[in-house]
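Read the structure below first, then the notes.
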Amino acid sequence: MVTDPAFRGRVCFSVQESLMKTITAVLYGIGFCAAVATGVWSMSADAPADGAATAAQPMTPASPERTATADHASGLWAWGNAGTSTSKTDEPLDVLLAKALKPSSKPIEGDDPRDKLRKLAKADPLVMKQLMESYDKASNSQARQLIVSLLSSIEKPEVLAFSKRLAVSRDMAERKDGFTMLQNLSGDSPEIHPIILQALHGDKSPDVIMLALAALKPPASAENNPSQASVQATDAAAIVAQLQNLTRNADPNVRLQSIMQLAQWDKADSSREQWSQALADQSPQVRQAAVTAIAQSGTQSDTVKAALIGLANNQNESKDVRGNALQVLERFTLSKDEAANFSQLRAQLLGL
Numbered sequence: 004m005v006t007d008p009a010f011r012g013r014v015c016f017s018v019q020e021s022l023m024k025t026i027t028a029v030l031y032g033i034g035f036c037a038a039v040a041t042g043v044w045s046m047s048a049d050a051p052a053d054g055a056a057t058a059a060q061p062m063t064p065a066s067p068e069r070t071a072t073a074d075h076a077s078g079l080w081a082w083g084n085a086g087t088s089t090s091k092t093d094e095p096l097d098v099l100l101a102k103a104l105k106p107s108s109k110p111i112e113g114d115d116p117r118d119k120l121r122k123l124a125k126a127d128p129l130v131m132k133q134l135m136e137s138y139d140k141a142s143n144s145q146a147r148q149l150i151v152s153l154l155s156s157i158e159k160p161e162v163l164a165f166s167k168r169l170a171v172s173r174d175m176a177e178r179k180d181g182f183t184m185l186q187n188l189s190g191d192s193p194e195i196h197p198i199i200l201q202a203l204h205g206d207k208s209p210d211v212i213m214l215a216l217a218a219l220k221p222p223a224s225a226e227n228n229p230s231q232a233s234v235q236a237t238d239a240a241a242i243v244a245q246l247q248n249l250t251r252n253a254d255p256n257v258r259l260q261s262i263m264q265l266a267q268w269d270k271a272d273s274s275r276e277q278w279s280q281a282l283a284d285q286s287p288q289v290r291q292a293a294v295t296a297i298a299q300s301g302t303q304s305d306t307v308k309a310a311l312i313g314l315a316n317n318q319n320e321s322k323d324v325r326g327n328a329l330q331v332l333e334r335f336t337l338s339k340d341e342a343a344n345f346s347q348l349r350a351q352l353l354g355l
């Protein structure tokens, strides 16, 4: 037995030191395991399994058909491909729609909800489709008008088909929206001619007729597409005939627009009677439109020339309309008597 106190002290100190090292190692190991477990749990939380939705980027719902509210079209989510900045948003689309519907002051640059929605719809076909579905579900006109405005800036086959469906709807509000969208086509589209003709012939609403007339673009040149020349000629003849009928419509605005469209569509100079009658229309706006349409048409008809001379000599007509009629007469071939009358009127009205 060791009785030396100094030796016993050194032994005890050595045992204690070894014990402390062992405990420290154990604690370090426990801490390391805890850290690893925490990291694994964190990685699992940050990377959910396929099919799980995260709070920051909700997934496309399996069934987007949801009931719309009276305030805004719902059921729109942040569609878009990850990493595509032009079609990605941090806000659900129904939230953007709600913001766009609220009256507010001028939005901050880069934070306009309507602009965001328009860019999303152009970039992502799913967003475009959801806007169309939301139009059908929307229960108030404000939401529908917003969606029409957004889709009108997109020239894609799906939007054209949607516009055509609305334009032939039995619901007048939908017909108006359909023709409003068709107005935004960049040029003449023969496939919408039957729809426009149907409205011009059978619709009783002057508002719808006016929208259909506005959707009628100047005819495309047959030289650009010779294979469609016969179809275009047939369409043009039907459209001109219907426009000529509308020059007798009870609504002066319809008469005015019909006269103006004839100047674009009648390449056979077959509307001489309609232009001459329009120069004597009871509406001063229609008479002025007739002068403009005759100038655009390039007609050299003697019947039209006589009507222009009569208008220029009409003391009850406004000085502006009479002066415009004289300017159009300058390109007609005038007889000696007509030329003398023209010179007298020009000195009287134009001071020349």
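If you use my numbering, the sequence shown corresponds to residues 4 to 355, in order.
Where a beta carbon is used, it is the ideal one built from N, C-alpha and C, also for glycine.
On a predicted model such as this, the values are computed, not experimentally measured, just so you know.
Proximity of residue i and residue j at Cβ, strictly below 7 Å
i	j	result
residue 181	residue 169	yes
residue 211	residue 202	yes
residue 1	residue 257	With the chain covering only 4 through 355, there is no way to say anything about residue 1.
residue 129	residue 150	no
residue 289	residue 259	yes
residue 223	residue 254	no
residue 315	residue 329	yes
residue 157	residue 105	no
residue 2	residue 219	There is simply no residue 2 to check, as the chain begins at 4 and stops at 355 in what is shown.
residue 101	residue 117	no
residue 99	residue 119	yes
residue 167	residue 214	no
Unbroken alpha helix (DSSP H) run spanning residue i, endpoints
i	result
residue 197	196-205
residue 139	128-140
residue 283	Premise fails: residue 283 is in no alpha helix (DSSP H) and is neither H nor E.
residue 250	That residue, residue 250, is in no alpha helix (DSSP H); it is neither H nor E in DSSP.
residue 143	Run containing residue 143: none; DSSP gives neither H nor E here.
residue 223	First-last for residue 223: undefined, no H or E at that position.
residue 188	Neither: residue 188 is in no alpha helix (DSSP H) and is coded neither H nor E.
residue 100	96-104
residue 231	From DSSP, residue 231 is part of no alpha helix (DSSP H); its letter is neither H nor E.
residue 346	339-352
Distance between beta carbons of residue j and residue i, contact taken as under 8 Å
i	j	result
residue 352	residue 325	6 Å
residue 161	residue 184	At roughly 12 Å, the Cβ-Cβ gap does not stay under 8 Å, so residue 161 and residue 184 are not in contact.
residue 282	residue 311	7 Å
residue 165	residue 154	7 Å
residue 293	residue 284	7 Å
residue 196	residue 238	5 Å
residue 208	residue 243	Wrong, their Cβ atoms sit about 22 Å apart, outside the cutoff.
residue 327	residue 291	7 Å
residue 231	residue 287	Contact flag wrong, Cβ pair sits at about 40 Å.
Any C-beta of chain B under 7 Å from that of residue i
i	result
residue 97	Structure shown: chain B not included; a single protein chain is present.
Validate contact between the stretch 259-273 and the stretch 288-308 using beta carbons, cut 8 Å, 3 pairs: yes
Quick one: complete alpha helix (DSSP H) runs, 4+ long, within the stretch 153-180? 160-170
Can you give, in chain order, each stretch of the alpha helix (DSSP H) that sits fully within the stretch 253-336 and has at least 4 residues? 255-268, 275-281, 287-300, 305-316, 322-332
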